[in-house]
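Written below as structure tokens is the structure these notes are about.
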Amino acid sequence: MRLPRNWLLSLSLSTFFSFTVPIITSAAILLGLWGLSCIPTCQAIAENNIHRVLAFLAVFGSGHPVVGSLTIGGAWGFVGGLFDLCTPYRYQLSE
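Using the numbering used here, the first residue of the sequence shown is number 29, and each one after it goes up by one.
The structure is reproduced here in structure tokens:
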């Protein structure tokens, strides 16, 4: 199997973006819910959902939502890196 010239750059970028996407997504959801909680009629619903999201993240972080978010990001980054490592092999098979 022959690797492309820029395989390390490709691996680094795909791992980085696979790591950051779930972290940014969970932060955007929490930020959106926080913004929704500023509206008086939606405050109770938004705060309930904020607690649910934080509880979901705390499951993966041994009680800490930030650690849970990093754990999910690390798992996604690892899988994204594995997918990128399989790409040259799949490309070689199609030639």
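Each residue gets a CB set at the ideal place from its N, CA and C atoms; glycine is no exception.
Within 10 angstroms of the Cβ of residue i, are there 16 or more other Cβ atoms? Answer buried if so, exposed if not.
{"i": "glycine 105", "result": "buried"}
{"i": "serine 40", "result": "exposed"}
{"i": "leucine 61", "result": "buried"}
{"i": "glycine 130", "result": "Residue numbering for the chain in the displayed model covers 29 to 123; residue 130 lies beyond these limits and cannot be assessed."}
{"i": "leucine 85", "result": "buried"}
{"i": "serine 90", "result": "exposed"}
{"i": "threonine 69", "result": "exposed"}
{"i": "glycine 96", "result": "buried"}
For residue i, report the span of its alpha helix (DSSP H) as first-last.
{"i": "asparagine 77", "result": "71-88"}
In this structure, how does DSSP classify residue i when only helix, strand and coil are distinguished?
{"i": "isoleucine 67", "result": "coil"}
{"i": "glycine 124", "result": "The shown model of the chain, from 29 to 123, leaves out residue 124, and the question about it has no answer."}
{"i": "glycine 91", "result": "coil"}
Self-check item: Cβ pair count under 8 angstroms reaching 3, the segment 94-101 against the segment 48-57
Solution: yes
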